[in-house]
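Trainee: Following this message is one structure expressed as structure tokens.
Protein chains: 2
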Amino acid sequence: MKQKRPSIKDIAKALNVSITTISFVLNGKGEERKISKEVIKKIEDYVEEVNYRPNQVAQSLRTGKSKILVFMVEDIGNRFFAKIARIIEEIAYQKGYKVLFCSNENNDKRSRELIRVFHERQVDGFLIIPSAGIKKDIENLIKSDIPVVLADRYFEDLATHQVVINNYEAANKATQHLIDNGFKHPAFITIDTQQIQMLDRARGYRDAVAAAGLQSNILELPFETIQSPEGKQRITELLTGSNEIDSVFFSTNYLTQTSLEIIKDIDPKLIYDLGIVTFDDNEFFKINNPSITAVAQPLQEMGEELMRIMFKLLKANGKEEVPLMQSVLHAELIPRDSSKKK
Amino acid sequence: MKQKRPSIKDIAKALNVSITTISFVLNGKGEERKISKEVIKKIEDYVEEVNYRPNQVAQSLRTGKSKILVFMVEDIGNRFFAKIARIIEEIAYQKGYKVLFCSNENNDKRSRELIRVFHERQVDGFLIIPSAGIKKDIENLIKSDIPVVLADRYFEDLATHQVVINNYEAANKATQHLIDNGFKHPAFITIDTQQIQMLDRARGYRDAVAAAGLQSNILELPFETIQSPEGKQRITELLTGSNEIDSVFFSTNYLTQTSLEIIKDIDPKLIYDLGIVTFDDNEFFKINNPSITAVAQPLQEMGEELMRIMFKLLKANGKEEVPLMQSVLHAELIPRDSSKKK
DNA sequence: CATAAATGCTAAAACGTTTTACTAGTTTTA
DNA sequence: TAAAACTAGTAAAACGTTTTAGCATTTATG
């Protein structure tokens, strides 16, 4: 038979003390509240014996804290986000927090909905990789005094705690790397978005080709079309068209993935001729033939930094004013075979 | 200024009705409880106006339901689990449930800890990819009348609701496929575990080589050593040793990943000679040179089936007896270049 | 020796819901 | 026309905690 978990009340009855006393003891305030050693011992022993665990829902209702954080990403099925998620989970658990993950599909409506739902659920903090159009919502969230840390991207003229990488510099170097290796016509394939990290990467590319006196060649694909025939068509056109592209820099992992497929479809040998650099590293890029040069984001560091900031905010507890915490981490170019001039 | 969210009590005061009435109306019991049209309208309008949202924590405390499910996997950073997670998340959200993901690292102690923590948090159901030694804990969990569905693996002589694939058959066919393609010495690399899905895969392999009158050659690596020099050493030995291995069947994705690296290290050309088949597909296997033959698990279907069962259990609500629901889905062999005899 | 302070505890309110049991008035039934 | 049944609600308990305010005793202080 399923038997009810003991509550603080049951313990009180069994030990003939008040629930107040028990609560104090359980929360380590026994000494402070001058509860005698014997009573403390008695309570602790009994709690141990019946394996009492406080009901966290009741605690949440009373204290307004849930010990739950939310990590909102584009797609938890995507390696980049999943890896960070794993790191965040680990750190959170060590501190007694749980993490709810959710995917916004880069969609503003969905982001809004998710923020609303979790706000209602009294989560203690938000770690958000925001879609482009939810600046207002983020602002409101922050106004309601709940800890919010943005990752990967941010909003211009909205002061937020955030952890990003040096996108401009990294993209600039990556393009430079292609140029240094003798490529004369590096193209840039990216998604059509106003997200700042993508704009920065594009700027990095443009400045690098301009500095080298080369011509810039950018293909911007709408997010939705990437997997579609239309998107594939446009990539194919760029690669086989009349302009003499000799190398490509991809702004993000899923573009690379799709494009590598297309490149293989066009001609299995093409990949040996084309210079390739991609944003976001992947175990398989190392294995691939040829191995793929990548800009590796410091996932571990990003997760740690995000949580460091989050815990600072949680500690401050909306009481004291905290200075803005904004970290810019460094992504590292990992040169491999795909960017060597053949 | 941060202002308190309105509670049901505030509404009651504003409209001069009782909180009971409001609760009934909000829960769609207005008609049933004979609340007049006017009052219903009045309440609904006001609720809309002040954008009232019930406090879910309070609801949980009162009803004992949290509308939160847990999906426990080995490692949420692993593609296989992350993809299923995404599918589960999607279905859950549609039904108003949230999903907490957690990684047990294939570790019993950690699994236990996680189960305990979430049980305390009153989650409504568990979707679990269990580590090998937590049979007892799963049993207890089920006894406490909370919905539990296992995925990917199960326990012998413990009747659980579960969704698995036809591991034996799939492994058998995969090995057969190598043999059919002319490989005479297929090896099997797997992890050293008592997990049933791995044992089934091993059986599938053994039976296939035996049926063909070939010799079986199995390398079992402890889970912890896979990324370590020791593990790499043993894989290297198998591949370069005196026994004339001409092909390998990998039992799981992370083994393949590590091994492909090793193969590349041994000799970049080796991969073109070696026959390779792996369990678990990956976007990059299609792209790889040569493309890698894989046994693809039906992720979408697995997620859907898991949730179908979970919702059945949630609906039954521990009241009515539900028949055991056990699904065996079919993994599909996707032949690619790596298993063609050269 | 009277008062003040410290000691060791407890009663009860509060968090925001759901739900059971009830009520006062109106309508129907026999 | 008295009793039964219905209508349109409401009061209050309960879920399991935390926390404020307070209450007897005992000990210290002047």
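Keeping their order, the protein sequence lines are chains V and Y.
78 is the number of the first residue of the first sequence in the working numbering; add one for each residue after it.
78 is the number of the first residue of the second sequence in the working numbering; add one for each residue after it.
Positions of the beta carbon are idealized from the N, C-alpha and C atoms, including for glycine.
Does any C-beta atom of chain Y lie closer than 8 Å to the C-beta of residue 352 of chain V?
Mentor: So, not an interface residue.
Trainee: Assuming the contact rule is C-beta atoms closer than 8 Å, residue 138 of chain Y and residue 134 of chain V should be a hit. Round their C-beta distance to whole Å, please.
Mentor: With 8 Å as the limit, residue 138 of chain Y and residue 134 of chain V qualify as a contact, their Cβ atoms being about 5 Å apart.
Trainee: Residues of chain V with a CB under 8 Å from the CB of residue 152 of chain Y: which are they?
Mentor: Residues of chain V passing the Cβ test: 163.
Trainee: Can you tell me the Cα-Cα spacing of residue 243 of chain V and residue 288 of chain V, whole angstroms?
Mentor: Straight-line Cα distance between these residues: approximately 19 Å.
Trainee: When you compare each of Y/308, Y/363, Y/391, Y/153 to residue 222 of chain Y by their alpha carbons, which one comes out closest?
Mentor: When only C-alpha atoms are compared, the closest one is Y/391.
Trainee: Grouping DSSP H, G and I as helix and E and B as strand, with all else coil, what is residue 373 of chain V?
Mentor: Three-state DSSP puts residue 373 of chain V in a strand.
Trainee: Jot down the residue ranges of each uninterrupted beta strand (DSSP E) in the stretch 328-379 of chain Y, minimum 3 residues, whole runs only, in chain order.
Mentor: If we require 3 residues or more, the beta strand (DSSP E) runs fully inside the stretch 328-379 of chain Y come out as 352-356, 370-373.
Trainee: Report yes or no: is there a C-beta of chain Y within less than 8 Å of the C-beta of residue 292 of chain V?
Mentor: So, not an interface residue.
Trainee: Going by Cα to Cα distance, which pick from Y/322, Y/337, Y/286 is closest to residue 309 of chain Y?
Mentor: Per the Cα distances, Y/337.
Trainee: For residue 225 of chain V, would you say it is in contact with chain Y, using Cβ-to-Cβ distances shorter than 8 Å as the test?
Mentor: Not an interface residue.
Trainee: Have a look at residue 96 of chain Y and residue 97 of chain V and give me their C-alpha separation to the nearest angstrom.
Mentor: Approximately 29 Å, taken between the alpha carbons.
Trainee: Whose CA, out of Y/411, Y/329, Y/399, lies closest to the CA of residue 219 of chain Y?
Mentor: When each option's Cα is compared against that of residue 219 of chain Y, the closest is Y/399.
Trainee: Give the range of the beta strand (DSSP E) segment to which residue 226 of chain V is assigned.
Mentor: Run containing residue 226 of chain V: 225-228, per the beta strand (DSSP E) assignment.
Trainee: At what residue ranges does the stretch 169-233 of chain Y contain a whole run of the alpha helix (DSSP H), taking only runs of 4 or more?
Mentor: Whole alpha helix (DSSP H) segments, 4+ residues: 185-197, 212-220.
Trainee: According to the neighbour-count rule (16 or more other Cβ atoms, all chains shown, within 10 Å of its Cβ), is residue 405 of chain Y buried or exposed?
Mentor: Exposed, by the Cβ-count rule.
Trainee: Quick one, which of Y/351, Y/316, Y/185, Y/202 has its alpha-carbon nearest residue 226 of chain Y's?
Mentor: Residue Y/202 is the option with its Cα nearest to residue 226 of chain Y.
Trainee: Is residue 346 of chain Y buried or exposed, if buried means 16 or more other CB atoms sit within 10 Å of its CB?
Mentor: Flag for residue 346 of chain Y reads exposed.
Trainee: Excluding the 5 residues preceding and the 5 following residue 159 of chain Y in the sequence, name in chain order all residues of the same chain whose CB lies nearer than 8 Å to its CB.
Mentor: Around residue 159 of chain Y: 153.
Trainee: Kindly list the residues whose CB is nearer than 7 Å to the CB of residue 322 of chain Y, restricted to its own chain and excluding five residues on each side of it in sequence; keep chain order.
Mentor: Same-chain partners within the cutoff: 262, 264, 294, 315, 316.
Trainee: Would you call the stretch 169-182 of chain V in contact with the stretch 164-179 of chain Y, where contact means no fewer than 3 C-beta pairs closer than 8 Å?
Mentor: The stretch 169-182 of chain V, when compared against the stretch 164-179 of chain Y, does touch it at the 8 Å Cβ threshold.
Trainee: Return no unless some Cβ of chain Y is closer than 8 Å to the Cβ of residue 127 of chain V.
Mentor: No, residue 127 of chain V does not count as interfacial toward chain Y.
Trainee: Do the CB positions of residue 329 of chain Y and residue 356 of chain Y come within less than 8 Å of each other?
Mentor: Yes, these two residues count as a Cβ contact at 8 Å.
Trainee: So for residue 404 of chain Y, helix, strand or coil by DSSP?
Mentor: Residue 404 of chain Y: strand per DSSP, three-state reduction.
Trainee: Which residues, in chain order, does the stretch 288-318 of chain Y contribute to contact with chain V at a C-beta distance below 7 Å?
Mentor: Listed in sequence order: no entries.
Trainee: If you count every other CB in all the chains shown that lies within 10 Å of the CB of residue 238 of chain Y, and 16 or more means buried, which is it?
Mentor: Label assigned to residue 238 of chain Y: buried.
Trainee: What is the residue span of the alpha helix (DSSP H) that residue 235 of chain Y lies within?
Mentor: Neither: residue 235 of chain Y is in no alpha helix (DSSP H) and is coded neither H nor E.
Trainee: Closest to residue 248 of chain Y by C-alpha separation, out of Y/354, Y/375, Y/108, would be which residue?
Mentor: Here the closest residue by C-alpha is Y/354.
Trainee: Apart from the five residues just before and just after residue 116 of chain V, which ones in its own chain have a Cβ nearer than 7 Å to its Cβ?
Mentor: 94, 98.
Trainee: Is it the case that the Cβ atoms of residue 120 of chain V and residue 92 of chain V are separated by a distance below 8 Å?
Mentor: Taking 8 Å as the Cβ cut-off, residue 120 of chain V and residue 92 of chain V qualify as a contacting pair.
Trainee: List the DSSP bridge partners of residue 263 of chain Y.
Mentor: Paired residue(s): Y/324.
Trainee: In chain Y, which residues lie less than 7 Å from residue 159 of chain V when you measure between Cβ atoms?
Mentor: By Cβ distance, chain Y contributes 153, 154, 159.
Trainee: Measuring alpha carbon to alpha carbon, tell me which residue in Y/256, Y/245, Y/149, Y/251 is nearest residue 211 of chain Y.
Mentor: Closest option to residue 211 of chain Y, Cα to Cα, is Y/149.
Trainee: Based on Cα-Cα distance, which residue from V/384, V/209, V/282 lies nearest to residue 184 of chain V?
Mentor: With distances taken between Cα atoms, residue 184 of chain V lies closest to V/209.
Trainee: Using DSSP's beta-bridge definition, name the partner residues of residue 69 of chain Y.
Mentor: No statement about residue 69 of chain Y is possible, as the shown extent of chain Y runs from 78 to 419 and does not include it.
Trainee: Under the rule that 16 or more other beta-carbon atoms within 10 Å means buried, what is residue 365 of chain V, buried or exposed?
Mentor: With 16 or more Cβ atoms within 10 Å of its Cβ, residue 365 of chain V is classed as buried.
Trainee: Near residue 100 of chain Y, what residues of its chain come up, given a Cβ to Cβ distance below 7 Å and the 5 sequence neighbours on each side ignored?
Mentor: Once the five neighbours on either side are set aside, the close Cβ partners of residue 100 of chain Y are 85.
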